[in-house]
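Residue numbers (our numbering): 28 to 554.
Next comes the structure, spelled out in C-alpha coordinates:
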(Lines of atoms letter the chains of each structure in order from A; the text may use other names.)
(Lines give C-alpha, C1' and ligand atoms only; values in the text may rest on other atoms or scores of the structure.)
Protein backbone atom coordinates (compact mmCIF):
# COMPACT_ATOMS: atom_id res chain seq x y z
CA UNK A 28 0.00 0.00 0.00
CA UNK A 29 2.87 2.35 0.87
CA UNK A 30 4.58 1.65 -2.46
CA UNK A 31 1.30 2.25 -4.31
CA UNK A 32 0.87 5.60 -2.54
CA UNK A 33 4.39 6.66 -3.47
CA UNK A 34 3.80 5.71 -7.11
CA UNK A 35 0.56 7.73 -7.19
CA UNK A 36 2.34 10.70 -5.59
CA UNK A 37 5.18 10.44 -8.11
CA UNK A 38 2.80 10.36 -11.06
CA UNK A 39 0.88 13.34 -9.70
CA UNK A 40 4.13 15.24 -9.28
CA UNK A 41 5.21 14.47 -12.84
CA UNK A 42 1.85 15.69 -14.16
CA UNK A 43 2.18 18.91 -12.14
CA UNK A 44 5.74 19.43 -13.36
CA UNK A 45 4.73 18.89 -16.99
CA UNK A 46 1.99 21.51 -16.65
CA UNK A 47 3.78 24.18 -14.63
CA UNK A 48 7.50 24.01 -15.27
CA UNK A 49 9.17 26.42 -17.66
CA UNK A 50 11.83 24.77 -19.79
CA UNK A 51 15.27 25.96 -20.95
CA UNK A 52 13.97 26.85 -24.42
CA UNK A 53 11.33 29.26 -23.05
CA UNK A 54 12.06 32.98 -23.40
CA UNK A 55 10.72 33.76 -19.91
CA UNK A 56 10.32 32.19 -16.50
CA UNK A 57 7.55 32.91 -13.98
CA UNK A 58 8.64 34.39 -10.66
CA UNK A 59 7.03 35.70 -7.51
CA UNK A 60 8.43 37.83 -4.69
CA UNK A 61 6.64 38.23 -1.38
CA UNK A 62 6.33 41.43 0.64
CA UNK A 63 5.68 39.95 4.08
CA UNK A 64 4.59 41.46 7.39
CA UNK A 65 5.85 39.41 10.33
CA UNK A 66 3.57 38.31 13.15
CA UNK A 67 3.45 40.27 16.40
CA UNK A 68 2.45 37.48 18.79
CA UNK A 69 3.93 37.47 22.28
CA UNK A 70 5.93 34.23 22.14
CA UNK A 71 8.50 33.15 19.57
CA UNK A 72 6.64 29.88 18.99
CA UNK A 73 3.37 31.70 18.29
CA UNK A 74 5.12 34.15 15.97
CA UNK A 75 6.75 31.31 14.06
CA UNK A 76 3.44 29.47 13.67
CA UNK A 77 1.71 32.62 12.40
CA UNK A 78 4.52 33.40 9.97
CA UNK A 79 4.68 29.81 8.72
CA UNK A 80 0.94 29.74 8.10
CA UNK A 81 1.27 33.02 6.20
CA UNK A 82 3.97 31.48 4.00
CA UNK A 83 1.88 28.37 3.33
CA UNK A 84 -1.22 30.44 2.56
CA UNK A 85 0.68 32.47 -0.03
CA UNK A 86 2.11 29.35 -1.66
CA UNK A 87 -1.42 27.95 -1.94
CA UNK A 88 -2.86 31.07 -3.62
CA UNK A 89 -4.17 30.86 -7.15
CA UNK A 90 -1.78 33.69 -8.12
CA UNK A 91 1.12 31.35 -7.32
CA UNK A 92 -0.20 28.43 -9.34
CA UNK A 93 1.99 28.76 -12.44
CA UNK A 94 5.12 30.16 -10.83
CA UNK A 95 8.51 28.51 -11.25
CA UNK A 96 10.05 30.21 -8.23
CA UNK A 97 8.82 32.09 -5.14
CA UNK A 98 11.03 34.22 -2.87
CA UNK A 99 10.29 35.25 0.72
CA UNK A 100 12.11 38.07 2.57
CA UNK A 101 14.76 38.21 5.27
CA UNK A 102 14.01 37.66 8.96
CA UNK A 103 10.26 37.09 8.68
CA UNK A 104 10.04 33.44 9.70
CA UNK A 105 11.85 32.24 12.85
CA UNK A 106 14.16 33.65 15.52
CA UNK A 107 17.23 32.53 17.47
CA UNK A 108 15.30 30.41 19.96
CA UNK A 109 13.42 28.69 17.11
CA UNK A 110 16.52 28.09 14.98
CA UNK A 111 17.00 24.96 12.91
CA UNK A 112 19.75 22.84 11.44
CA UNK A 113 19.94 23.05 7.63
CA UNK A 114 21.35 20.30 5.39
CA UNK A 115 24.55 21.09 3.50
CA UNK A 116 23.74 20.69 -0.22
CA UNK A 117 27.43 20.48 -1.12
CA UNK A 118 27.56 17.12 0.67
CA UNK A 119 24.15 15.56 0.00
CA UNK A 120 20.81 16.67 -1.42
CA UNK A 121 18.29 16.27 1.39
CA UNK A 122 14.55 16.93 1.44
CA UNK A 123 13.62 17.85 5.05
CA UNK A 124 10.09 16.79 4.10
CA UNK A 125 11.33 13.19 4.40
CA UNK A 126 12.95 13.72 7.81
CA UNK A 127 11.66 11.03 10.18
CA UNK A 128 14.37 11.49 12.82
CA UNK A 129 13.40 15.09 13.64
CA UNK A 130 16.81 16.46 12.71
CA UNK A 131 15.19 19.60 11.31
CA UNK A 132 12.63 21.95 12.81
CA UNK A 133 9.04 21.22 11.81
CA UNK A 134 8.67 24.53 9.93
CA UNK A 135 11.57 23.59 7.63
CA UNK A 136 9.95 20.23 6.95
CA UNK A 137 6.60 21.84 6.15
CA UNK A 138 8.16 24.29 3.70
CA UNK A 139 10.12 21.50 2.03
CA UNK A 140 6.86 19.57 1.64
CA UNK A 141 5.16 22.70 0.23
CA UNK A 142 7.89 23.11 -2.41
CA UNK A 143 7.31 19.47 -3.37
CA UNK A 144 3.52 19.71 -3.27
CA UNK A 145 3.41 22.72 -5.58
CA UNK A 146 6.47 21.66 -7.65
CA UNK A 147 8.05 25.07 -7.21
CA UNK A 148 11.50 26.41 -6.43
CA UNK A 149 11.24 28.12 -3.05
CA UNK A 150 13.72 30.56 -1.49
CA UNK A 151 13.38 31.40 2.20
CA UNK A 152 15.51 33.16 4.81
CA UNK A 153 15.79 31.76 8.31
CA UNK A 154 17.81 31.62 11.50
CA UNK A 155 20.08 28.58 11.25
CA UNK A 156 22.03 26.77 13.95
CA UNK A 157 25.15 24.69 13.43
CA UNK A 158 27.38 22.82 15.85
CA UNK A 159 30.70 24.62 16.31
CA UNK A 160 32.36 21.20 16.19
CA UNK A 161 31.32 20.87 12.55
CA UNK A 162 33.82 23.61 11.61
CA UNK A 163 36.98 22.49 13.45
CA UNK A 164 39.22 24.80 11.39
CA UNK A 165 37.52 27.92 12.80
CA UNK A 166 39.87 29.32 15.51
CA UNK A 167 37.31 31.79 16.84
CA UNK A 168 35.72 31.10 20.22
CA UNK A 169 32.41 29.27 20.28
CA UNK A 170 29.38 30.29 22.30
CA UNK A 171 28.67 28.39 25.52
CA UNK A 172 25.77 26.68 23.74
CA UNK A 173 28.20 25.02 21.36
CA UNK A 174 26.30 26.52 18.42
CA UNK A 175 26.92 29.00 15.65
CA UNK A 176 23.82 30.99 14.69
CA UNK A 177 23.53 32.26 11.10
CA UNK A 178 21.29 34.48 8.99
CA UNK A 179 20.76 31.99 6.17
CA UNK A 180 19.05 31.68 2.80
CA UNK A 181 17.72 28.22 1.96
CA UNK A 182 16.64 27.15 -1.55
CA UNK A 183 14.35 24.17 -2.19
CA UNK A 184 13.92 22.62 -5.63
CA UNK A 185 10.65 21.24 -6.98
CA UNK A 186 11.21 18.00 -5.05
CA UNK A 187 11.63 19.83 -1.75
CA UNK A 188 15.39 19.20 -1.65
CA UNK A 189 17.74 21.85 -0.25
CA UNK A 190 19.90 22.70 -3.26
CA UNK A 191 21.56 25.90 -2.00
CA UNK A 192 22.43 27.42 1.36
CA UNK A 193 23.98 30.86 1.86
CA UNK A 194 24.97 32.51 5.14
CA UNK A 195 24.95 36.30 5.22
CA UNK A 196 28.38 37.93 5.06
CA UNK A 197 27.65 41.55 6.02
CA UNK A 198 25.89 41.44 9.39
CA UNK A 199 24.65 44.52 11.22
CA UNK A 200 23.12 44.73 14.65
CA UNK A 201 22.34 41.02 14.53
CA UNK A 202 23.13 38.53 17.26
CA UNK A 203 24.43 36.14 14.63
CA UNK A 204 27.72 34.61 13.50
CA UNK A 205 29.60 35.03 10.27
CA UNK A 206 31.37 32.16 8.55
CA UNK A 207 35.15 31.97 8.79
CA UNK A 208 35.40 32.61 5.05
CA UNK A 209 32.69 34.28 2.95
CA UNK A 210 30.27 31.90 1.27
CA UNK A 211 28.58 32.23 -2.12
CA UNK A 212 25.05 31.19 -2.94
CA UNK A 213 23.98 30.13 -6.42
CA UNK A 214 22.00 27.32 -7.98
CA UNK A 215 20.88 26.04 -11.38
CA UNK A 216 17.25 25.40 -12.32
CA UNK A 217 15.45 23.04 -14.67
CA UNK A 218 14.30 26.04 -16.73
CA UNK A 219 17.85 26.94 -17.72
CA UNK A 220 18.58 29.85 -15.38
CA UNK A 221 21.38 30.11 -12.84
CA UNK A 222 20.51 32.30 -9.85
CA UNK A 223 22.85 34.00 -7.42
CA UNK A 224 21.42 35.02 -4.06
CA UNK A 225 22.49 37.26 -1.20
CA UNK A 226 20.96 39.10 1.76
CA UNK A 227 20.19 42.74 2.56
CA UNK A 228 23.32 44.84 3.25
CA UNK A 229 25.45 42.48 1.13
CA UNK A 230 24.27 44.54 -1.85
CA UNK A 231 26.61 47.44 -1.04
CA UNK A 232 29.76 45.32 -0.94
CA UNK A 233 31.87 43.37 -3.40
CA UNK A 234 31.75 39.93 -1.79
CA UNK A 235 29.57 38.10 -2.54
CA UNK A 236 27.09 40.25 -4.48
CA UNK A 237 29.16 42.17 -7.02
CA UNK A 238 31.73 39.39 -7.22
CA UNK A 239 29.12 36.98 -8.59
CA UNK A 240 28.49 39.45 -11.42
CA UNK A 241 32.11 40.29 -12.19
CA UNK A 242 33.80 36.91 -11.76
CA UNK A 243 31.07 34.37 -12.40
CA UNK A 244 28.86 36.12 -14.96
CA UNK A 245 25.57 35.42 -13.19
CA UNK A 246 22.66 37.35 -14.75
CA UNK A 247 19.74 36.52 -12.41
CA UNK A 248 19.76 37.43 -8.72
CA UNK A 249 17.59 36.83 -5.67
CA UNK A 250 17.65 39.40 -2.87
CA UNK A 251 16.07 38.58 0.50
CA UNK A 252 15.93 41.68 2.65
CA UNK A 253 14.71 43.49 5.71
CA UNK A 254 15.85 46.84 4.33
CA UNK A 255 15.66 50.05 6.33
CA UNK A 256 15.26 52.85 3.80
CA UNK A 257 17.45 55.92 4.05
CA UNK A 258 16.92 59.26 2.30
CA UNK A 259 17.91 60.44 -0.18
CA UNK A 260 20.00 57.71 -1.90
CA UNK A 261 19.26 54.36 -0.25
CA UNK A 262 15.54 53.66 -0.15
CA UNK A 263 14.64 50.10 -1.06
CA UNK A 264 13.25 50.11 -4.61
CA UNK A 265 15.64 52.93 -5.50
CA UNK A 266 18.59 50.65 -4.64
CA UNK A 267 17.05 47.62 -6.36
CA UNK A 268 16.62 49.42 -9.68
CA UNK A 269 20.03 51.10 -9.51
CA UNK A 270 21.92 47.84 -8.87
CA UNK A 271 19.93 45.87 -11.45
CA UNK A 272 20.36 48.60 -14.09
CA UNK A 273 24.08 49.16 -13.50
CA UNK A 274 24.86 45.44 -13.70
CA UNK A 275 22.20 44.78 -16.37
CA UNK A 276 20.85 41.74 -14.51
CA UNK A 277 17.47 40.37 -13.51
CA UNK A 278 16.85 41.14 -9.85
CA UNK A 279 14.15 39.51 -7.70
CA UNK A 280 13.79 41.31 -4.36
CA UNK A 281 11.52 40.17 -1.51
CA UNK A 282 11.21 42.62 1.36
CA UNK A 283 10.01 42.54 4.93
CA UNK A 284 6.93 44.75 5.37
CA UNK A 285 7.05 46.92 8.49
CA UNK A 286 6.86 50.54 7.27
CA UNK A 287 6.71 52.00 10.78
CA UNK A 288 10.39 51.12 11.22
CA UNK A 289 11.27 51.86 7.58
CA UNK A 290 11.22 48.28 6.34
CA UNK A 291 9.40 47.82 3.03
CA UNK A 292 10.17 47.44 -0.66
CA UNK A 293 9.90 44.48 -3.03
CA UNK A 294 10.08 44.08 -6.78
CA UNK A 295 11.19 42.30 -9.93
CA UNK A 296 13.60 44.14 -12.24
CA UNK A 297 14.91 43.41 -15.73
CA UNK A 298 18.26 45.20 -15.86
CA UNK A 299 18.37 48.08 -18.35
CA UNK A 300 14.65 47.57 -18.96
CA UNK A 301 13.94 48.60 -15.38
CA UNK A 302 11.08 47.68 -13.09
CA UNK A 303 8.63 44.98 -14.10
CA UNK A 304 6.70 45.24 -10.83
CA UNK A 305 7.57 46.93 -7.53
CA UNK A 306 6.00 48.19 -4.33
CA UNK A 307 6.73 50.46 -1.37
CA UNK A 308 4.22 50.12 1.45
CA UNK A 309 2.74 52.34 4.13
CA UNK A 310 0.98 51.86 7.44
CA UNK A 311 0.96 48.32 8.84
CA UNK A 312 2.49 46.68 5.76
CA UNK A 313 1.16 43.63 3.96
CA UNK A 314 1.47 39.95 3.11
CA UNK A 315 1.31 39.94 -0.66
CA UNK A 316 2.72 38.04 -3.61
CA UNK A 317 3.96 40.06 -6.62
CA UNK A 318 4.44 38.08 -9.83
CA UNK A 319 6.00 38.61 -13.25
CA UNK A 320 7.14 36.89 -16.41
CA UNK A 321 10.88 37.50 -16.37
CA UNK A 322 12.79 37.57 -19.70
CA UNK A 323 15.80 35.29 -19.87
CA UNK A 324 18.96 37.12 -20.81
CA UNK A 325 20.23 34.74 -23.48
CA UNK A 326 16.96 35.15 -25.41
CA UNK A 327 16.88 38.96 -25.36
CA UNK A 328 18.08 40.06 -28.78
CA UNK A 329 16.61 43.55 -28.62
CA UNK A 330 16.21 45.41 -25.37
CA UNK A 331 13.30 47.75 -24.86
CA UNK A 332 12.69 49.99 -21.90
CA UNK A 333 9.70 49.26 -19.77
CA UNK A 334 7.61 51.38 -17.44
CA UNK A 335 6.55 50.38 -13.95
CA UNK A 336 3.57 48.03 -13.85
CA UNK A 337 0.79 50.28 -12.51
CA UNK A 338 -0.09 50.02 -8.85
CA UNK A 339 -2.48 52.44 -7.13
CA UNK A 340 -0.34 55.36 -6.00
CA UNK A 341 -0.45 56.01 -2.28
CA UNK A 342 1.43 59.06 -1.10
CA UNK A 343 4.07 58.01 1.40
CA UNK A 344 4.22 60.55 4.20
CA UNK A 345 6.16 60.76 7.45
CA UNK A 346 3.44 59.20 9.63
CA UNK A 347 3.10 56.27 7.19
CA UNK A 348 6.72 55.19 6.89
CA UNK A 349 9.91 55.82 8.84
CA UNK A 350 12.82 56.94 6.66
CA UNK A 351 16.37 57.26 7.90
CA UNK A 352 18.64 60.11 6.78
CA UNK A 353 22.11 59.99 5.20
CA UNK A 354 25.05 62.04 6.49
CA UNK A 355 24.59 64.83 3.97
CA UNK A 356 26.45 67.31 6.16
CA UNK A 357 29.65 65.57 5.04
CA UNK A 358 29.01 66.48 1.40
CA UNK A 359 30.46 69.49 -0.34
CA UNK A 360 27.21 71.21 -1.28
CA UNK A 361 25.71 74.48 -2.50
CA UNK A 362 22.13 75.75 -2.55
CA UNK A 363 20.26 76.11 -5.83
CA UNK A 364 18.37 79.41 -5.85
CA UNK A 365 15.16 78.45 -7.64
CA UNK A 366 13.79 81.99 -7.33
CA UNK A 367 16.59 83.52 -9.39
CA UNK A 368 16.04 82.53 -13.01
CA UNK A 369 15.13 79.11 -14.34
CA UNK A 370 18.47 77.47 -15.11
CA UNK A 371 21.90 76.86 -13.65
CA UNK A 372 25.23 75.48 -14.80
CA UNK A 373 27.68 74.72 -12.02
CA UNK A 374 30.91 72.78 -11.41
CA UNK A 375 31.53 71.51 -7.89
CA UNK A 376 34.51 69.66 -6.39
CA UNK A 377 34.81 67.75 -3.14
CA UNK A 378 36.98 69.50 -0.54
CA UNK A 379 40.60 69.61 -1.71
CA UNK A 380 40.36 66.59 -4.01
CA UNK A 381 40.34 66.33 -7.79
CA UNK A 382 36.91 64.70 -7.82
CA UNK A 383 34.53 67.16 -9.48
CA UNK A 384 31.03 67.08 -10.95
CA UNK A 385 29.23 69.28 -13.47
CA UNK A 386 25.54 70.15 -13.20
CA UNK A 387 23.17 71.57 -15.80
CA UNK A 388 19.66 72.35 -14.50
CA UNK A 389 16.54 73.87 -15.97
CA UNK A 390 13.27 74.30 -14.09
CA UNK A 391 9.90 75.94 -14.55
CA UNK A 392 9.32 79.31 -12.84
CA UNK A 393 8.05 78.92 -9.29
CA UNK A 394 4.51 79.96 -8.44
CA UNK A 395 5.41 82.34 -5.64
CA UNK A 396 2.10 82.72 -3.86
CA UNK A 397 2.17 84.08 -0.33
CA UNK A 398 3.15 81.39 2.20
CA UNK A 399 3.82 78.87 -0.58
CA UNK A 400 6.07 75.96 0.39
CA UNK A 401 8.37 74.04 -1.91
CA UNK A 402 11.46 71.88 -1.81
CA UNK A 403 14.82 73.59 -1.77
CA UNK A 404 17.64 71.85 -3.63
CA UNK A 405 21.36 71.42 -3.14
CA UNK A 406 24.07 70.24 -5.48
CA UNK A 407 26.32 67.83 -3.64
CA UNK A 408 29.61 66.00 -4.17
CA UNK A 409 31.13 63.34 -1.95
CA UNK A 410 34.34 61.31 -2.10
CA UNK A 411 34.98 59.12 0.93
CA UNK A 412 33.63 56.57 3.37
CA UNK A 413 30.02 56.47 4.46
CA UNK A 414 30.66 57.13 8.12
CA UNK A 415 28.25 54.77 9.79
CA UNK A 416 28.94 55.01 13.51
CA UNK A 417 31.03 52.02 14.63
CA UNK A 418 29.84 50.01 11.64
CA UNK A 419 31.17 48.43 8.49
CA UNK A 420 31.59 51.15 5.90
CA UNK A 421 31.72 51.43 2.14
CA UNK A 422 33.57 53.95 -0.03
CA UNK A 423 31.58 56.29 -2.29
CA UNK A 424 32.01 58.80 -5.05
CA UNK A 425 28.73 60.62 -5.58
CA UNK A 426 27.58 63.50 -7.80
CA UNK A 427 24.08 64.49 -6.74
CA UNK A 428 21.23 66.93 -6.57
CA UNK A 429 18.98 66.35 -3.56
CA UNK A 430 16.00 68.03 -1.94
CA UNK A 431 15.67 69.78 1.42
CA UNK A 432 12.72 71.14 3.40
CA UNK A 433 14.78 74.17 4.46
CA UNK A 434 18.01 75.97 3.64
CA UNK A 435 20.13 74.32 6.35
CA UNK A 436 21.97 71.15 5.34
CA UNK A 437 20.32 69.34 8.26
CA UNK A 438 16.98 69.97 6.54
CA UNK A 439 18.05 67.78 3.63
CA UNK A 440 17.07 64.14 3.34
CA UNK A 441 13.61 64.91 4.72
CA UNK A 442 10.21 65.00 3.03
CA UNK A 443 7.03 67.06 3.05
CA UNK A 444 3.67 65.36 3.52
CA UNK A 445 2.32 67.01 0.37
CA UNK A 446 3.23 67.64 -3.26
CA UNK A 447 5.19 70.77 -4.09
CA UNK A 448 5.37 72.81 -7.26
CA UNK A 449 9.04 72.46 -8.28
CA UNK A 450 9.17 71.06 -11.82
CA UNK A 451 12.49 70.27 -13.52
CA UNK A 452 12.61 70.34 -17.30
CA UNK A 453 16.18 69.07 -17.36
CA UNK A 454 18.77 67.76 -14.95
CA UNK A 455 22.11 66.64 -16.38
CA UNK A 456 25.04 65.51 -14.26
CA UNK A 457 28.46 64.62 -15.63
CA UNK A 458 31.51 63.39 -13.80
CA UNK A 459 34.84 61.71 -14.43
CA UNK A 460 35.23 58.58 -12.33
CA UNK A 461 38.39 56.49 -11.95
CA UNK A 462 38.39 52.85 -12.96
CA UNK A 463 39.24 50.39 -10.19
CA UNK A 464 39.55 46.67 -9.56
CA UNK A 465 36.10 46.60 -8.03
CA UNK A 466 33.56 49.37 -8.50
CA UNK A 467 29.99 50.01 -9.65
CA UNK A 468 28.54 53.26 -11.02
CA UNK A 469 24.76 53.46 -10.64
CA UNK A 470 22.02 55.82 -11.86
CA UNK A 471 20.34 56.74 -8.59
CA UNK A 472 17.05 58.64 -8.36
CA UNK A 473 14.00 59.14 -6.17
CA UNK A 474 10.62 60.85 -6.44
CA UNK A 475 8.61 62.11 -3.48
CA UNK A 476 5.06 61.02 -4.27
CA UNK A 477 5.60 57.27 -3.89
CA UNK A 478 9.29 57.00 -2.91
CA UNK A 479 10.04 55.29 -6.22
CA UNK A 480 12.93 55.88 -8.63
CA UNK A 481 12.58 57.68 -11.93
CA UNK A 482 11.51 55.18 -14.60
CA UNK A 483 14.34 54.01 -16.87
CA UNK A 484 12.45 55.39 -19.86
CA UNK A 485 12.71 58.88 -18.37
CA UNK A 486 16.49 59.16 -18.10
CA UNK A 487 19.61 58.72 -20.21
CA UNK A 488 22.81 57.12 -18.93
CA UNK A 489 26.15 56.82 -20.68
CA UNK A 490 29.67 55.75 -19.75
CA UNK A 491 32.54 56.64 -22.10
CA UNK A 492 36.19 55.73 -21.62
CA UNK A 493 38.33 58.79 -20.89
CA UNK A 494 42.07 59.28 -20.61
CA UNK A 495 44.23 58.02 -17.75
CA UNK A 496 42.11 54.99 -16.87
CA UNK A 497 38.98 57.00 -16.21
CA UNK A 498 35.32 56.94 -17.24
CA UNK A 499 33.19 59.92 -18.23
CA UNK A 500 29.62 59.42 -16.98
CA UNK A 501 26.60 61.43 -18.11
CA UNK A 502 23.21 61.08 -16.40
CA UNK A 503 20.23 63.17 -17.48
CA UNK A 504 16.46 63.41 -17.18
CA UNK A 505 14.73 63.33 -20.56
CA UNK A 506 11.25 64.29 -19.39
CA UNK A 507 9.66 66.98 -17.23
CA UNK A 508 9.76 65.76 -13.61
CA UNK A 509 8.18 67.10 -10.43
CA UNK A 510 8.67 66.21 -6.77
CA UNK A 511 12.25 65.04 -7.31
CA UNK A 512 14.03 63.98 -4.12
CA UNK A 513 17.35 62.84 -5.56
CA UNK A 514 19.19 62.38 -8.84
CA UNK A 515 22.79 61.21 -8.67
CA UNK A 516 25.68 59.26 -10.15
CA UNK A 517 26.31 56.93 -7.22
CA UNK A 518 29.66 55.15 -7.30
CA UNK A 519 30.59 52.26 -4.99
CA UNK A 520 34.36 51.66 -4.81
CA UNK A 521 34.78 48.27 -3.19
CA UNK A 522 38.58 48.17 -2.96
CA UNK A 523 38.43 50.99 -0.42
CA UNK A 524 35.80 49.32 1.79
CA UNK A 525 36.68 48.73 5.43
CA UNK A 526 35.61 45.22 6.46
CA UNK A 527 34.73 44.51 10.09
CA UNK A 528 34.45 40.84 11.01
CA UNK A 529 32.01 39.43 13.53
CA UNK A 530 33.24 37.47 16.51
CA UNK A 531 32.78 33.75 16.81
CA UNK A 532 30.70 33.98 19.98
CA UNK A 533 27.57 35.18 18.23
CA UNK A 534 28.16 38.86 19.05
CA UNK A 535 29.19 41.48 16.53
CA UNK A 536 32.38 43.47 17.05
CA UNK A 537 30.60 46.49 15.57
CA UNK A 538 27.80 48.68 16.82
CA UNK A 539 24.38 49.34 15.41
CA UNK A 540 24.27 50.46 11.78
CA UNK A 541 21.87 53.12 10.60
CA UNK A 542 20.97 51.07 7.55
CA UNK A 543 19.78 47.50 7.22
CA UNK A 544 20.01 47.03 10.98
CA UNK A 545 18.10 44.12 12.30
CA UNK A 546 17.72 45.55 15.78
CA UNK A 547 17.15 42.93 18.42
CA UNK A 548 14.29 44.91 19.93
CA UNK A 549 12.57 45.10 16.55
CA UNK A 550 13.07 41.43 15.89
CA UNK A 551 11.51 40.61 19.23
CA UNK A 552 8.41 42.43 18.06
CA UNK A 553 8.13 41.01 14.56
CA UNK A 554 9.42 37.45 14.86
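We put the beta carbon where it would ideally sit given N, CA and C, even for glycine.
Residue burial classification, residue i (beta-carbon count within 10 angstroms, cutoff 16)
i: residue 445; result: exposed
i: residue 50; result: exposed
i: residue 420; result: buried
i: residue 323; result: buried
i: residue 625; result: Because the chain in this structure spans residues 28 to 554, residue 625 falls outside the shown range and cannot be described.
i: residue 97; result: buried
i: residue 362; result: exposed
i: residue 376; result: exposed
i: residue 480; result: buried
i: residue 156; result: buried
i: residue 378; result: exposed
i: residue 491; result: exposed
i: residue 489; result: exposed
i: residue 496; result: exposed
i: residue 120; result: exposed
i: residue 109; result: buried
i: residue 261; result: buried
i: residue 106; result: buried
i: residue 311; result: exposed
i: residue 347; result: buried
i: residue 515; result: buried
Proximity to residue i [Cα-Cα], best of the options
i: residue 451; options: 409, 147, 474, 270; result: 474
i: residue 205; options: 308, 424, 167; result: 167
i: residue 173; options: 197, 283, 165; result: 165
i: residue 211; options: 187, 239, 201; result: 239
i: residue 277; options: 315, 84, 407, 247; result: 247
i: residue 521; options: 92, 148, 231; result: 231
i: residue 566; options: 498, 301, 286; result: The requested residue 566 does not occur in the structure, where the chain is confined to residues 28 to 554.
i: residue 401; options: 366, 381, 137, 62; result: 366
i: residue 472; options: 513, 495, 405; result: 513
i: residue 519; options: 506, 237, 485, 79; result: 237
i: residue 406; options: 360, 364, 241; result: 360
i: residue 101; options: 197, 108, 109, 252; result: 252
i: residue 250; options: 213, 285, 428, 516; result: 213
Check whether residue i and residue j have beta carbons under 8 Å apart
i: residue 296; j: residue 267; result: yes
i: residue 455; j: residue 500; result: no
i: residue 60; j: residue 280; result: yes
i: residue 460; j: residue 468; result: yes
i: residue 283; j: residue 103; result: yes
i: residue 113; j: residue 189; result: yes
i: residue 180; j: residue 203; result: no
i: residue 483; j: residue 55; result: no
i: residue 465; j: residue 272; result: no
i: residue 64; j: residue 313; result: yes
i: residue 259; j: residue 486; result: no
i: residue 255; j: residue 290; result: yes
i: residue 139; j: residue 200; result: no
i: residue 425; j: residue 62; result: no
i: residue 510; j: residue 463; result: no
DSSP bridge partner residues for residue i (one or two, in chain order)
i: residue 372; result: 387
i: residue 431; result: 403, 439
i: residue 230; result: Per DSSP, none; premise fails for residue 230.
i: residue 224; result: 212, 249
i: residue 455; result: 387, 503
i: residue 410; result: 424
i: residue 352; result: 258
i: residue 55; result: 322
i: residue 96; result: 58, 148
i: residue 131; result: Note: residue 131 sits in no beta bridge, so no partner.
Practice task
Tell me, please, whether the segment 428 to 443 touches the segment 348 to 362 by the rule of three or more beta-carbon pairs shorter than 8 Å.
Solution key: yes
Exercise for the section: Evaluate the contact criterion for the segment 363 to 374 versus the segment 382 to 389: three or more CB pairs, one atom per stretch, below 8 Å. Expected result: yes
Handout entry: Contact between the segment 124 to 135 and the segment 157 to 167 (3+ Cβ pairs under 8 Å)
Key = no
Exercise for the section: Take every Cβ of the segment 211 to 226, pair it with every Cβ of the segment 188 to 197, and state whether three or more of those distances are shorter than 8 Å. Expected result: yes
Exercise for the section: Pair every Cβ in the segment 142 to 155 with every Cβ in the segment 85 to 92, then say whether three or more of these pairs are closer than 8 Å. Expected result: yes
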